[in-house]
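Have a look at the structure below before the remarks.
Numbering (this note's numbering), first residue to last: 387 to 506.
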């Protein structure tokens with residue numbers, strides 16, 4: 387993930403699961419289990435969430451080798467999401483600003499990072 391995105395760029399988000407044990411483990415990075423939320427930094431308003439209107443499987447399991455890692459990435463189209471508007475999602479893109487990406491998954495600490503959507 388980059389720190390800044392030009393007006394014509396779509397942010398690419400990446401989830402990385404690291405296994406610190408010596409044995410293989412299984413992790414669910416699906417949109418309902420590892421919930422990614424994008425918040426507008428000014429006001430902390432949620433503008434998009436992977437749990438709002440997931441397509442496909444809600445669970446996506448990966449095997450992570452001991453001392454290894456696995457990655458899952460997605461591209462955000464800069465459009466807001468709303469769980470109550472899955473059939474007709476908001477069409478307008480979000481405004482240029484600083485945004486915070488937060489990932490929550492049961493049994494794991496919350497992880498956060500930020501990025502900037504620049505103006506033309």
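Ideal Cβ placement from N, Cα and C applies to all residues, glycine included.
- In the DSSP annotation of this structure, the continuous segment of the beta strand (DSSP E) that includes residue 403 starts and ends at 398-404.
- For residue 464, DSSP assigns no beta-bridge partner whatsoever.
- Cβ neighbours of residue 407 within its own chain (closer than 8 Å, five residues either side excluded): 452, 453.
- Straight-line spacing of the CA atoms in residue 466 and residue 478 works out to 8 Å.
- Linking residue 393 to residue 445 through their CA atoms gives a straight-line distance of about 32 Å.
- By alpha-carbon distance to residue 418, the top candidate from 499, 481, 400, 441 is 441.
- For residue 483, the enclosing beta strand (DSSP E) begins and ends at 483-490.
- Here residue 423 is bridged, per DSSP, to 435, 488.
- Within the same chain, and ignoring the five residues on either side of residue 460 in sequence, the residues whose Cβ sits closer than 6 Å to its Cβ are 399.
- CA-CA distance, residue 389 to residue 501, rounds to 5 Å.
- In this structure, residue 401 sits near residue 415, with a CB-CB distance shorter than 7 Å.
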